[in-house]
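Some notes on the structure that comes next.
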Amino acid sequence: MTLFEKIIAREIPAQIIYEDEHCAAFSDINPQAPTHVLIVPKKPIPRVGEAEAGDQAILGALLLAAGRIASQIGVNSTDKGFRLVINHGRDAGESVPHLHVHLLAGRQLEWPPG
Ligand code: 5GP
Numbered sequence: 271m272t273l274f275e276k277i278i279a280r281e282i283p284a285q286i287i288y289e290d291e292h293c294a295a296f297s298d299i300n301p302q303a304p305t306h307v308l309i310v311p312k313k314p315i316p317r318v319g320e321a322e323a324g325d326q327a328i329l330g331a332l333l334l335a336a337g338r339i340a341s342q343i344g345v346n347s348t349d350k351g352f353r354l355v356i357n358h359g360r361d362a363g364e365s366v367p368h369l370h371v372h373l374l375a376g377r378q379l380e381w382p383p384g
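Numbers given in this note's numbering equal positions in the sequence shown, counted from 1, plus 270.
Here it is, written out as structure tokens:
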């Protein structure tokens, strides 16, 4: 099992704030913003570039979950806002080989990212 599968299975503790048929979301252990949530598919797709056509519903569910979570925490508006990040591979800084969407919010985020 991947690290994130173990979190979803409640074998490793995490603050799970959202769950549906396809995905779950929990706080990042090393937050990079006041709100830093990881949205993870229950299916252990290693990384976004390895998703297949049959994963379309899962990929859609991740983004829909992001919007719902943003509403839940009060940042789903244009005056506040949030950023979604998916890291694929070494150059992007991927460290956990189980697809996840970072949801960052709660401060002014810089552009371009580092
Ligand atoms: P990546 O670098 O692969 O895009 O993101 C992996 C993220 O997983 C990092 O932001 C890291 O802080 C987070 N992470 C690593 N181990 C754990 C853990 O055991 N629990 C939680 N909640 N997050 C973790």
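Heads up, the beta-carbon is just placed ideally off N, CA and C, and yes, glycines get one too.
Residue from the options with nearest C-alpha to residue i
i: E291; options: R353, E322, V310; result: V310
i: H370; options: G319, I282, P304, P283; result: G319
i: E380; options: G359, E275, A303; result: A303
i: H372; options: A295, V355, G363; result: V355
Distance, residue j Cα to residue i Cα
i: A335; j: L374; result: 14 Å
i: G344; j: P301; result: 18 Å
i: R353; j: G330; result: 17 Å
i: I339; j: T348; result: 15 Å
i: E364; j: R317; result: 9 Å
i: I287; j: L333; result: 15 Å
i: G351; j: Q342; result: 12 Å
i: I282; j: P382; result: 34 Å
i: A327; j: L273; result: 23 Å
Distance CB(residue i)-CB(residue j) smaller than 7 Å
i: A295; j: V307; result: yes
Interface flag, residue i vs chain D, CB-CB below 7 Å
i: R360; result: No chain D is part of this structure, which consists of one protein chain only.
Range covered by the beta strand (DSSP E) that runs through residue i
i: I289; result: Rather than Ile, the amino acid found at residue 289 in this sequence is Glu. That run of the beta strand (DSSP E) goes 286-289.
N- and C-terminal bounds of the alpha helix (DSSP H) containing residue i
i: I299; result: Segment: none, I299 is in no alpha helix (DSSP H) and carries neither H nor E.
i: K312; result: It is not in any alpha helix (DSSP H) - K312 carries neither H nor E in the DSSP assignment.
i: E380; result: Where E380 is concerned, there is no enclosing alpha helix (DSSP H), given that its DSSP letter is neither H nor E.
i: E320; result: No alpha helix (DSSP H) contains E320, which DSSP labels as neither H nor E.
Within the stretch 338-374, ranges of the beta strand (DSSP E) (whole runs, at least 3 residues): Here the runs fully enclosed are 353-355.
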